[in-house]
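Undergrad: Could you have a look at this structure, given as C-alpha cells, before my questions?
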Amino acid sequence: MTLAPETTDLKVQLQLADSWFTACDLNLLTPGRGVAVLLPDGGQVAVFRDRTDRLYAIDNRDPFGGAAVLSRGLTGTHQGRPFVASPLLKQRFDLETGECLDDETVRVTTYEVRTA
Amino acid sequence: MTATPGATPTLVLVGHGMVGQRFLEALAERGLTATHRVVVLCEEPRPAYDRVALTSYFSGRTADELSLTDMEFIAAHGIELYVGDPAETIDRAARTVTARSGRAFAYDTLVLATGSYPFVPPVPHKDATGCFVYRTIDDLLAIEEYARSGATVGAVVGGGLLGLEAAGALKGLGLTSHIVEFAPRLMPVQVDEGGGAALLRTIEEMGLTVHTGVGTQEIVVDSEGAVTGMKLSDGSELATDMVVFSAGVRPRDQLARDCGLTVGERGGITVDEQCRTVADPHVFAIGECALAADGRVYGLVAPGYEQAETAAATIASDEAAFTGADLSTKLKLLGVDVASFGDAHGTAEDCLDVVYSDARSGLYKKLVIGRDGTLLGGVLVGDADAYGTLKAFTGSVPPVSPESLVLPAGASGGAQLGPSALPDEAVICSCHNVSKGTIRGAVTEHSCTTVPEVKKCTKAGTGCGSCVKVLGQLVTAELEASGVEVDKGLCGCFAQTREELYEIVLALRVNTYRDLLDRYGREGARGGDGCEVCKPAVASVIASLAPTIGASGYVLDGEQAALQDSNDHFLANLQKNGSYSVVPRIPGGEITPEGLITIGEIARDFGLYTKITGGQRIDMFGARVEQLPLIWMRLVDAGFESGHAYGKALRTVKSCVGSTWCRYGVQDSVRMAIDLELRYRGLRSPHKLKSAVSGCARECAEAQSKDFGVIATAAGWNLYVGGNGGATPRHADLLAQDLSDTELVRLIDRFLMFYIRTADRLERTSTWLERIPGGLDHVRDVVVEDSLGICEELESLMAAHVAGYADEWATTINNPDKLARFVSFVNAPDTPDPVVGFVPERDQMKPDLPLLSIGMRPAEDLLEGSAQR
Ligand code: SRM
Ligand SMILES: Cc1cc2nc3c(=O)[nH]c(=O)nc-3n(C[C@H](O)[C@H](O)[C@H](O)COP(=O)(O)OP(=O)(O)OC[C@H]3O[C@@H](n4cnc5c(N)ncnc54)[C@H](O)[C@@H]3O)c2cc1C
Ligand code: SF4
Ligand code: FES
Chain W
89 MTLAPETTDL KVQLQLADSW FTACDLNLLT PGRGVAVLLP DGGQVAVFRD RTDRLYAIDN
149 RDPFGGAAVL SRGLTGTHQG RPFVASPLLK QRFDLETGEC LDDETVRVTT YEVRTA
Chain U
43 MTATPGATPT LVLVGHGMVG QRFLEALAER GLTATHRVVV LCEEPRPAYD RVALTSYFSG
103 RTADELSLTD MEFIAAHGIE LYVGDPAETI DRAARTVTAR SGRAFAYDTL VLATGSYPFV
163 PPVPHKDATG CFVYRTIDDL LAIEEYARSG ATVGAVVGGG LLGLEAAGAL KGLGLTSHIV
223 EFAPRLMPVQ VDEGGGAALL RTIEEMGLTV HTGVGTQEIV VDSEGAVTGM KLSDGSELAT
283 DMVVFSAGVR PRDQLARDCG LTVGERGGIT VDEQCRTVAD PHVFAIGECA LAADGRVYGL
343 VAPGYEQAET AAATIASDEA AFTGADLSTK LKLLGVDVAS FGDAHGTAED CLDVVYSDAR
403 SGLYKKLVIG RDGTLLGGVL VGDADAYGTL KAFTGSVPPV SPESLVLPAG ASGGAQLGPS
463 ALPDEAVICS CHNVSKGTIR GAVTEHSCTT VPEVKKCTKA GTGCGSCVKV LGQLVTAELE
523 ASGVEVDKGL CGCFAQTREE LYEIVLALRV NTYRDLLDRY GREGARGGDG CEVCKPAVAS
583 VIASLAPTIG ASGYVLDGEQ AALQDSNDHF LANLQKNGSY SVVPRIPGGE ITPEGLITIG
643 EIARDFGLYT KITGGQRIDM FGARVEQLPL IWMRLVDAGF ESGHAYGKAL RTVKSCVGST
703 WCRYGVQDSV RMAIDLELRY RGLRSPHKLK SAVSGCAREC AEAQSKDFGV IATAAGWNLY
763 VGGNGGATPR HADLLAQDLS DTELVRLIDR FLMFYIRTAD RLERTSTWLE RIPGGLDHVR
823 DVVVEDSLGI CEELESLMAA HVAGYADEWA TTINNPDKLA RFVSFVNAPD TPDPVVGFVP
883 ERDQMKPDLP LLSIGMRPAE DLLEGSAQR
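Chains as they are written, first to last, in this note's numbering: chain W, 89 to 204; chain U, 43 to 911.
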C-alpha cells in the first residue's frame with residue numbers, strides 16, 4: 089500500500105470490533121466529500137469530513153443498488169443533521185445514525201471515527 | 043354457500059369501473075364502510091382504472107399508471123374486492139347475488155354500476171378476425187397486438203369522441219387510418235356544423251382520412267375470415283386490415299332485465315332522483331348503466347360521480363338528489379382542443395350565436411347568448427383555453443361583450459376573462475362539483491399553498507383534469523391576495539430561485555459556494571454543509587460565469603471539487619455496479635479512421651464494453667475508477683477531449699452529412715456542427731444542452747428535437763430552439779430564418795446565455811420556454827430585438843467562456859494531486875473494488891450483478907428492481 093506524499097501527523101482511525109484501525113491521513117479528505125476505506129476483512133467504509141472538520145463513517149455499500157459507492161455521494165445538512173445522498177438513486181442517509189431518510193426501514197452500519 | 047346477513051348489513055357493488063370506485067370512496071367518506079360489510083364484484087381482470095385516459099396507454103402510460111384503485115384504501119376499509127368475477131344472477135326475492143365463480147352474497151343493499159358496452163352495428167361479418175371495440179384495457183391490448191402483427195391500414199366506424207380517439211391511437215400505432223361517420227360531420231353530439239368543419243380540417247391535416255355522411259354496410263373478409271375491407275353505403279369499398287367499432291355505447295342492463303328491474307325503452311336501469319331503482323328500494327343503479335330521473339343516460343364520468351355521491355348519501359340517510367347534469371366536455375383529441383358547454387347547439391328560444399372562425403388555423407369559437415345577454419353555452423375548437431372560465435360564467439351575464447370573448451387574445455378588441463372575475467358560486471371543477479368559493483377556502487382556511495394540496499383538500503382537478511389550469515390561476519391569485527409568500531426557493535438552504543442566485547453571483551462577484559451560503563442562505567442553513575440540490579446548482583452557476591467573476595474555470599479546483607455532482611467529480615458517468623463510462627468528444631459526429639482505431643484499441647486494452655450512442659459518438663463502459671486516468675492519458679494523447687457526458691453542459695451537436703456529399707444538401711452542415719460544438723463545449727448550464735445541424739429541410743440530423751437546432755436553407759440557416767426528445771418530447775420553435783454564419787452564432791450565444799441566466803435548476807430549454815412569461819415571443823424580443831438591452835453582456839459572457847475553455851481531462855491528468863482521488867480505496871490505491879466485476883455477453887462484457895447482492899439482505903431482490911427505480 090502506497091501512501092500519499094505529504095503526510096501530516098493526524099490520522100483518521102475507525103473503531104473496529106477490538107481496536108482502532110488507521111485508515112488514512114486526515115489531509116486526504118476534502119471537506120464536503122468522502123473517501124472509501126478498505127477494512128482488513130474486505131469490508132468497505134465511507135468516511136466523510138464536513139466543513140467544520142467533523143468526521144463521519146458509514147458502510148460504503150448502497151443498500152438499494154448493492155454497489156459500494158456511498159463514499160462518492162454529495163453530503164449536506166438537513167434540519168441540522170448531516171447526510172450523504174447516494175450517487176446511484178439519490179436516497180439520503182443520516183451520517184450519524186445510518187438511517188435512510190427516504191425509507192425508515194433501511195439503515196446502513198455506522199462506525200466510530202476519530203483523529204489521532 | 044350463502045352468507046346470512048348478520049348484525050352488520052351487507053352492501054354489494056356490481057361493477058368496479060370509474061363510478062363504482064368513486065362510490066366506494068363516497069361510502070368511506072361517510073363512514074359507511076365501518077358500518078357495512080362491502081363486497082365488490084369486478085368483471086375485468088384489473089380493479090378500477092381511468093377509462094377516460096385510456097388512450098394515453100398508447101402514449102406510454104402503463105396499465106398500472108392508469109389504475110384508480112389504491113389497494114391500501116381497499117384494505118384499510120375492509121372492502122372485499124373480487125377481481126375477474128362478474129355477477130351472473132340476482133335473486134331479488136331472496137336478496138342474493140351469485141357470481142361466475144359460484145360465490146353467492148346475501149345483500150341488504152345492492153348497487154349496480156355496470157357501465158356500458160360498445161354498440162356494434164349488425165353488419166355482416168362484424169365479428170370477423172380483425173374487428174375490435176374500444177372500451178377496456180384488454181381491448182387496447184388486443185388492438186395493439188393485431189396492429190403489430192402486420193396490419194398497415196385501420197378504419198374506425200364512428201366519428202364521435204371515442205372514434206376520433208381510436209383513430210388517433212391507430213395512427214399512433216403506425217397505421218394509415220380512416221374514420222367512417224354516418225352523420226354529415228365529426229363529433230355530431232358535441233359540436234355544431236362550424237365546429238365540425240374546423241375539426242375536420244385539422245384532423246385531415248394530420249393525415250387521417252375522414253369519410254362523413256356514409257354508413258358501413260358490410261365487413262369484407264378473406265377465405266380465412268380476416269378483415270380485408272368494408273363496403274360503404276355510397277357503393278364504394280375501403281381496403282383495411284382492421285376495423286374498430288366506435289358507434290356509440292349502450293347501457294349494460296341485462297343483469298337488471300333478467301331480475302325484473304324496470305329498464306327504459308332504449309335501455310338503462312330506471313332510477314329515481316336518489317338513484318334508487320323504481321322497481322326495488324333495495325337496489326340502486328349509478329353511472330352509465332342508469333336511466334336517470336330526468337330521462338337521460340349519461341355517458342360522461344362527471345354525472346356518474348354525482349350519482350355515486352347521491353347514492354352514498356341516500357344510503358347514509360342524508361338528503362341528496364341527482365336531477366340532471368350538464369354535458370360540458372373539454373377534450374384534447376389528437377392534440378386538438380375541443381370543448382362544448384351548456385346549450386351548445388342553441389336550442390333555447392330566441393338565442394343568438396356569436397361566432398369567430400379562422401379556417402386556416404383551425405379555430406372555431408361559438409357562444410350561445412340569451413336575449414338578455416346571458417351566456418347559455420358554446421363550442422370551442424382549436425383553442426379551448428377559455429373553457430374553464432366561460433363554463434363557469436354559463437347562466438350569467440359576462441362582464442365584457444360576447445364578441446370580445448371569442449376574438450383571439452392578441453386581436454384588437456379581444457378580451458381575456460380571468461377566473462378572478464368569477465363569482466364564488468361558479469363551479470370550477472364539474473367532475474367533483476367544486477365551486478370557486480371552496481377553492482379559495484382551501485387556500486385561506488385550510489392553508490393549502492400548492493395546487494396538489496388544493497387538489498387533495500377539495501378533490502377539484504382529480505377527475506378529467508380539464509379544470510387544472512383555472513385551478514392553478516385561482517390558487518396563485520388567492521395566495522398573492524392573502525399576502526402569502528409562495529416559496530419558490532431552490533431548496534431548503536436557499537430561499538432564492540436559481541435565477542436570483544445567478545444574479546447575485548454575477549452582480550456581487552460571489553465566487554465561492556461557502557460565501558454564498560453563509561451570506562445569502564436561509565437562516566438555519568448558513569454555516570452548514572448545504573445539500574445535494576444547491577451544491578451542484580451553484581457549482582454550475584459559478585462554472586458558467588467563472589472567467590467573469592474571477593473563479594477558476596476548472597471544475598475540480600479548490601472548493602468547486604466538493605460541490606460537483608458525483609459524476610462531475612470523477613469526470614465520468616457512474617454505472618449501476620460502481621464502474622464508469624467514458625465518452626470522448628467527437629465533434630459533429632465526424633471521426634477519422636485513426637480516431638476509430640485508437641478508441642477501439644483503448645477499449646480492447648482495458649476490456650471495455652463499447653456502444654455507439656444515440657448522440658453520434660462512442661461510449662466505453664465498465665472502467666474502474668482507477669483506470670479512468672490511464673484511459674484518458676491515452677485518449678488525450680491521441681487528441682481526444684472530454685465529451686462532458688457526465689456534466690450539465692453541452693453534449694453533442696449532431697450533424698447530417700450535408701452538402702459535401704449529399705445530393706440534397708444546401709449548406710455544409712458538418713462544418714457548422716463542428717464549429718458549434720467546439721464553441722460551446724464545456725459550457726456549464728442549468729441542464730444538459732443538445733444541438734444538431736441538418737444540411738437541408740429533410741432534417742436527417744433531427745435538429746428540431748434539440749435545445750438549439752440549425753437547418754440549412756438556400757440563403758443560410760434557420761435557428762430552432764426549445765426542442766426536446768426524452769420523456770416529454772417537444773418540437774423546437776423557429777427563432778429566426780435565413781441567418782448568415784455570423785448571425786447564427788451571435789444569436790445562439792445570446793440565446794444560451796439568456797437561458798443559463800434565467801432557467802431553473804434541471805430545466806431544459808423546452809420547459810424553460812414554456813414557463814417563462816411571454817414564452818418564445820419574449821425570448822425573441824430579448825435575444826433578437828435586444829428589448830432588455832442585455833445582448834452585449836450576454837455576448838461578452840459567452841466570449842469569455844470560449845476564450846477560457848480548457849479540456850478538463852487534460853488538466854486533470856497533468857495534476858498529480860487531482861489524480862490521487864481516482865482510486866477505489868484511500869488506504870489501498872492499488873486494490874480494485876471487489877464488487878465491480880464483469881461477465882461475458884454477446885462477445886463483450888457486462889456488469890456482474892449477482893456480485894452486488896453478496897452480503898445484501900437476501901429477502902430483497904433489489905438488483906433487477908434497481909434498474910426501474
Ligand atoms: C449513452 C446514451 C444512450 C446510448 O447508448 O445511446 C445515453 C445514456 C444516458 N442518458 Fe441519455 N443517453 C444518450 C442519448 C440520449 C438522447 C438522444 C440524443 O441525444 O440524441 C436523449 C433524448 C434527447 C434529449 O435529451 O432531448 C436522451 C435523453 C436522456 C434523458 C431525458 C432528458 C429529458 O430532457 O427528458 C436523461 C435524464 C436526464 O438527463 O435527466 C438521460 C440520461 C442519461 C444517463 C446520463 C443516465 C445516467 O444518469 O446514468 C445515461 C448515462 C450514459 C453513460 O453512462 O455514459 N438521457 N439521451 C446516449 C449518449 C449520447 C451521447 O453521445 O452523449
Ligand atoms: C376511450 C374512452 C374515452 C373517454 N373519454 C371521456 C372523457 O373525456 N370525458 C368523460 O366524461 N367521459 C369519457 N369517457 C366515458 C367514461 O369512461 C365513462 O363515462 C365512465 O367510465 C363510466 O363509469 P361507469 O363506472 O359507469 O362505467 P365503467 O367505467 O365502464 O365501469 C363499469 C364496470 O362494470 C363492469 N361490469 C359490467 N357488468 C358487470 C357484472 N355483471 N359484474 C361485475 N362487473 C361488471 C365492467 O366490466 C366495467 O369494468 C370515455 C370512455 C372511453 C372508453
Ligand atoms: S438533411 Fe438534407 S443534406 Fe442532410 S443528409 Fe438529409 S437529405 Fe442530405
Ligand atoms: S372538471 Fe374534471 S377534474 Fe375538474
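Backbone N, C-alpha and C fix where the C-beta goes; we use that ideal spot for every residue, glycine too.
Against chain W, with Cβ distances strictly below 7 Å, would N553/U count as a contact?
TA: Chain W, which has no Cβ nearer than 7 Å to the Cβ of N553/U, makes this no.
Undergrad: Is it true that the segment 177 to 189 of chain U meets the segment 85 to 96 of chain U, where meeting means three or more beta-carbon pairs spaced less than 8 Å apart?
TA: The segment 177 to 189 of chain U is in contact with the segment 85 to 96 of chain U.
Undergrad: On the three-pair Cβ rule with 8 Å, is the segment 47 to 57 of chain U touching the segment 311 to 319 of chain U?
TA: Judged by Cβ distances under 8 Å, the segment 47 to 57 of chain U makes no contact with the segment 311 to 319 of chain U, as fewer than three pairs qualify.
Undergrad: Should N857/U go down as buried or exposed, given a rule of 16 or more other Cβ atoms within 10 Å for buried?
TA: Under this definition N857/U is an exposed residue.
Undergrad: If we count the other Cβ atoms within 10 Å of its Cβ and call it buried at 16 or more, is S454/U buried or exposed?
TA: Any reading at S454/U needs caution, since the residue's pLDDT is 45, under 50, leaving its predicted position unreliable; the model's value is listed next. Result: exposed.
Undergrad: Within the 7 Å Cβ cut-off, does A581/U reach chain W?
TA: Chain W, which has no Cβ nearer than 7 Å to the Cβ of A581/U, makes this no.
Undergrad: Among residues of its own chain, excluding the 5 on either side of L464/U, which ones have a beta-carbon nearer than 6 Å to its beta-carbon?
TA: Excluding positions up to five away in sequence, the list reads A434, K478.
Undergrad: How many angstroms separate the CA atom of V493/U from the CA atom of T431/U?
TA: Their Cα atoms are separated by approximately 18 Å.
Undergrad: Beta carbon of G59/U: closer than 6 Å to some heavy atom of ligand 2?
TA: Yes; taking the cut-off as 6 Å, the Cβ of G59/U has a heavy atom of ligand 2 nearer than that.
Undergrad: With Y722/U and L761/U assumed to form a contact (beta carbons below 8 Å), what rounded beta-carbon distance in angstroms separates them?
TA: Actually they do not touch by this definition, with Cβ atoms about 14 Å apart.
Undergrad: So Q669/U and F648/U are supposed to be a Cβ contact under 8 Å. How far apart are they, rounded?
TA: That belief holds up - the Cβ atoms of Q669/U and F648/U are roughly 6 Å apart, short of 8 Å.
Undergrad: Taking 7 Å as the threshold (beta carbon to beta carbon), is P128/W in contact with chain U?
TA: Closer than 7 Å: no.
Undergrad: Within 6 Å: the Cβ of L297/U and any heavy atom of ligand 2?
TA: Yes, the Cβ of L297/U comes within 6 Å of a heavy atom of ligand 2.
Undergrad: Quick one: list the residues of chain W neighbouring P876/U, beta-carbon separation under 7 Å, in chain order.
TA: What P876/U touches in chain W: G130.
Undergrad: Measure how close the beta-carbons of F65/U and I328/U come, nearest whole angstrom, since I'm counting them as under 8 Å.
TA: Right, their Cβ atoms sit about 6 Å apart.
Undergrad: Measuring alpha carbon to alpha carbon, tell me which residue in L152/U, G216/U, V139/U, S733/U is nearest A129/U.
TA: Nearest option by C-alpha distance: V139/U.
Undergrad: Using DSSP with H/G/I as helix, E/B as strand and the rest coil, what is N856/U?
TA: It is coil, neither helix nor strand.
Undergrad: Between which residues of its own chain and S159/W is the CB-CB distance below 6 Å, once the five residues before and five after are set aside?
TA: Here the set comprises G122, V123, A124, A134, N148.
Undergrad: Is any heavy atom of ligand 2 found at a distance shorter than 6 Å from the C-beta of T156/U?
TA: Indeed, a heavy atom of ligand 2 lies less than 6 Å from the Cβ.
Undergrad: Nearest to R788/U by CA position, among V844/U, L242/U, A358/U, is which residue?
TA: Looking at the Cα atoms, V844/U is the closest of the given residues.
Undergrad: According to DSSP, which residues form a beta bridge with N615/U?
TA: For N615/U, which the question treats as bridged, DSSP gives the partners S623/U.
Undergrad: What residue does the beta strand (DSSP E) around M284/U start on, and which one ends it?
TA: Element bounds for M284/U: 284 to 287.
Undergrad: Residues of the segment 585 to 612 of chain U in Cβ contact with chain W at a cutoff of 9 Å, in chain order, please.
TA: For the segment 585 to 612 of chain U, which is checked against every Cβ of chain W, the residues closer than 9 Å are E601, A603, A604, L605, Q606, D607, S608, N609, H611, F612.
Undergrad: Check F65/U in the structure and name its three-state DSSP category.
TA: Helix.
Undergrad: Please report how far the alpha carbon of E43/W lies from the alpha carbon of T352/U, in whole angstroms.
TA: Chain W is shown only over 89 to 204; residue 43/W falls outside these bounds and no answer can be derived.
Undergrad: Quick one: Cα of G764/U to Cα of H773/U, how far?
TA: C-alpha separation (whole angstroms): 7 Å.
Undergrad: In three-state terms, what does DSSP make of T486/U?
TA: Reduced to three states, the DSSP call for T486/U is helix.
Undergrad: How about L162/W: is its C-beta nearer than 7 Å to some C-beta of chain U?
TA: Chain U, which has a Cβ nearer than 7 Å to the Cβ of L162/W, makes this yes.
Undergrad: Kindly list, in the order they appear in chain U, the residues whose Cβ is closer than 8 Å to that of L98/W.
TA: Simply none; closest approach about 14 Å.
Undergrad: Below 8 Å between beta carbons is the criterion; list the residues of the segment 142 to 162 of chain W that meet it against any residue of chain U, in chain order.
TA: So the close ones are R149, P151, F152, G153, G154, A155, A156, V157, R160, G161, L162.
Undergrad: Can you find a heavy atom of ligand 2 that lies under 6 Å from the Cβ of A129/U?
TA: The answer is yes for A129/U.
Undergrad: When DSSP labels each residue in this structure, what does W851/U get in the three-state scheme?
TA: In this structure, W851/U counts as helix in the three-state DSSP scheme.
Undergrad: Looking at C506/U and ligand 2, is the gap between the Cβ and the nearest heavy atom below 6 Å?
TA: Yes.
Undergrad: Beta carbon of E207/U: closer than 6 Å to some heavy atom of ligand 2?
TA: Checking every heavy atom of ligand 2 against the Cβ of E207/U, one is found closer than 6 Å.
Undergrad: To which residues of the same chain is E235/U closer than 7 Å at the C-beta, ignoring the five residues directly before and after it?
TA: Only R227 meet the Cβ criterion.
Undergrad: Is any heavy atom of ligand 2 found at a distance shorter than 6 Å from the C-beta of G767/U?
TA: Outside the cutoff, so no.
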